[in-house]
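**Q**
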Amino acid sequence: MDPSPGDIGAVFLHPPFRDFPGADRYLDGLTYDLMNENPDWFLDPVDFRHEGNTNPNAIDYPQQLEPGRKKKSTGQASAEEPRYRCTFCRRSYAGVNAKSMWRRHVFEKHKIGMWNRRDPQDRKGGRNANSKTCLVVWSSRPVLTV
């Protein structure tokens, strides 16, 4: 499933992502949509910062190489679901949670976190993020401490 440099037709793209087939025709440079249209183009995980990577020139995963936000519904049923392909291998996802599954795959399989990925220990949001802390201790009688 994983592409290798020896694969016929596989094109590996490296930062700063200005040297790719037809680059002169794309003013926005390399984007996720462009990679999605070219299933034989791949990124190399060694080019991106992740735990255990010793490449001193590694960069953060660029936001323009993440799938875009879901388009607003037009009220019409879509005959075709959006498909998200991994930029590092040939895996792809479709369906309601496709983008989340794509992000999880890239993180778990290739060890690359997205720029806005929150670590669980950093997550402070949620319903009661700004509320007072309530501690309930049970002994022989219930005691409530606020």
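If you count the sequence shown from 1, position 55 lands on 55 in the working numbering, and the numbers rise without skipping. Virtual Cβ for every residue (Gly too), placed ideally from N, Cα, C. It should be emphasised that the depicted structure is a prediction, and the values quoted were computed from it without experimental measurement.
Indicate the three-state DSSP secondary structure (helix, strand or coil) for R85 in the structure shown.
**A** Three-state result, R85: strand.
**Q** Please state whether DSSP places F20 in a helix, a strand or coil.
**A** It is coil, neither helix nor strand.
**Q** How big is the Cα-Cα spacing for T31 and C86?
**A** In a straight line, the C-alpha of T31 is about 13 Å away from that of C86.
**Q** Y93 bridges to which residues according to DSSP?
**A** Looking at the DSSP assignment, Y93 forms a beta bridge with Y84.
**Q** For D59, which beta-bridge partners are listed by DSSP?
**A** The amino acid at residue 59 is misidentified as Asp; the sequence shows Ile. Paired residues: F48.
**Q** Where does the unbroken beta strand (DSSP E) through L152 begin, and where does it stop?
**A** What the structure shows of the chain is the stretch from 1 to 146, and residue 152 is not part of that stretch, so it cannot be assessed.
**Q** Keeping to the same chain, check which residues put their C-beta closer than 8 Å to that of P45; ignore five residues upstream and five downstream.
**A** So the qualifying residues of the chain are N53, F88, H110, K111 and I112.
**Q** Near M101, what residues of its chain come up, given a Cβ to Cβ distance below 6 Å and the 5 sequence neighbours on each side ignored?
**A** Y93.
**Q** Take D2 and list the residues in its own chain whose beta-carbon comes closer than 6 Å to its own, dropping the five residues that flank it on each side.
**A** Around D2: C89.
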